[in-house]
Each structure stands twice: as structure tokens, then as C-alpha cells.
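Undergrad: For reference, the structure I am asking about is given below.
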Amino acid sequence: LLPAPAAPAPSGQRGGGQDPSQGAAQVRNMWPNILEAVKNRRRFTWILLSQNAQVAGFDGTTLQIGFSNAGARDSFANGGSEDVLRQALSDALGVQWKVEAIVDPSGGVSSPGGGSGGSGPGSGGGSTARAAEAATAVAAAGTG
1 LLPAPAAPAP SGQRGGGQDP SQGAAQVRNM WPNILEAVKN RRRFTWILLS
51 QNAQVAGFDG TTLQIGFSNA GARDSFANGG SEDVLRQALS DALGVQWKVE
101 AIVDPSGGVS SPGGGSGGSG PGSGGGSTAR AAEAATAVAA AGTG
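Residue numbers (full-length UniProt numbering): 1 to 144.
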């Protein structure tokens with residue numbers, strides 16, 4: 001039931017076994033592996049995707065990535081990260097998909113169901129907490 005521990009997969013391991021028509025659910029299940037491949041290529045892109053994005057949709061050829069805000073989407077689109085993600089998809093899954101970045105504020109990243117606790121309205125603590133999460137993620141990634 002538990003996924004295998006994340007380990008860098010040799011490129012070409014999957015061969016041609018992935019069928020893009022399996023849909024967004026399959027891609028969502030593969031997202032941690034995709035993020036791992038992104039992290040091995042470019043840390044900035046990995047942080048941007050892991051903290052601000054999720055799989056929003058997939059139609060068989062185009063992967064739609066939903067970002068929590070326009071700033072994150074624009075950073076992704078204008079900073080070369082789209083190419084990094086495409087290359088990671090090729091390495092991790094052996095596929096050549098188009099990538100479409102959209103704003104999807106309803107996205108389920110970092111929303112465990114209840115309140116986030118801590119900062120009250122108007123305290124401005126949200127961005128500080130997000131920065132701390134990003135720093136923790138980078139520190140944790142550096143240990144492996």
C-alpha cells in the first residue's frame with residue numbers, strides 16, 4: 001500500500017509503458033516522482049511546484065498545472081521552469097507532454113482540511129509560514 005521510497009530512477013526505466021490516456025488521476029499519483037525528477041534538475045522549479053502547484057488536469061497530451069496565485073504561475077512560465085518540467089516528465093515517465101500553467105486558487109496543495117492554525121486574520125503570518133515550509137523542504141531535501 002505504501003509507495004516505495006523515492007529514489008532517483010535511471011532515465012528510460014519505464015520504456016514506453018506509460019499510456020497518457022490514463023488521465024489526471026494517474027498523473028497525480030506520479031506527481032511525487034515527477035517532483036523528484038524536477039528537483040534533480042533545478043531546485044527553484046522544484047520549490048515553486050512543490051509549494052504552489054498541483055496537477056489540475058490532463059487530456060492525454062497536455063498537462064495542466066494549477067498554481068495557487070498568478071505570481072507563482074508567472075514565475076514558472078517566465079523563468080524557464082516549464083522546460084525543466086517537460087524534461088523531468090520525459091526522464092521520469094518517458095513522455096513528451098505539453099505543459100499549460102494556470103491559476104487555480106482552489107488547489108489542494110497544503111490544505112489538510114482544517115484551519116492552518118497559528119496566525120489570525122490580518123497578522124500577515126501566512127507568507128512567513130510558507131517561507132519556513134520552503135526552507136524546511138530544501139533542508140530536508142539536502143539530507144538525501
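For every residue, glycine included, the Cβ atom is placed at its ideal position computed from N, Cα and C.
As the structure is a computational prediction, the values presented were derived from the model and not from experiment.
May I have a chain-ordered list of the alpha helix (DSSP H) segments no shorter than 4 residues that lie completely inside the stretch 41-117?
TA: Listed in chain order, the complete alpha helix (DSSP H) runs (minimum 4 residues) inside the stretch 41-117 are 43-52, 70-78 and 81-93.
Undergrad: Are the beta-carbon atoms belonging to Thr-45 and Lys-98 less than 9 Å from one another?
TA: no
Undergrad: Between Ala-77 and Ala-101, what straight-line distance do the alpha-carbon atoms span, to the nearest angstrom?
TA: Spanning the two alpha carbons is a distance of roughly 7 Å.
Undergrad: Just the Cα atoms here: how many angstroms apart are Gly-57 and Leu-85?
TA: Cα-Cα distance, rounded: 15 Å.
Undergrad: Quick one: using the 10 Å Cβ neighbour count with 16 as the cut-off for buried, is Asn-69 buried or exposed?
TA: It is exposed - the Cβ of Asn-69 has fewer than 16 other Cβ atoms within 10 Å.
Undergrad: Would you call Asp-91 buried or exposed, if buried means 16 or more other Cβ atoms sit within 10 Å of its Cβ?
TA: buried
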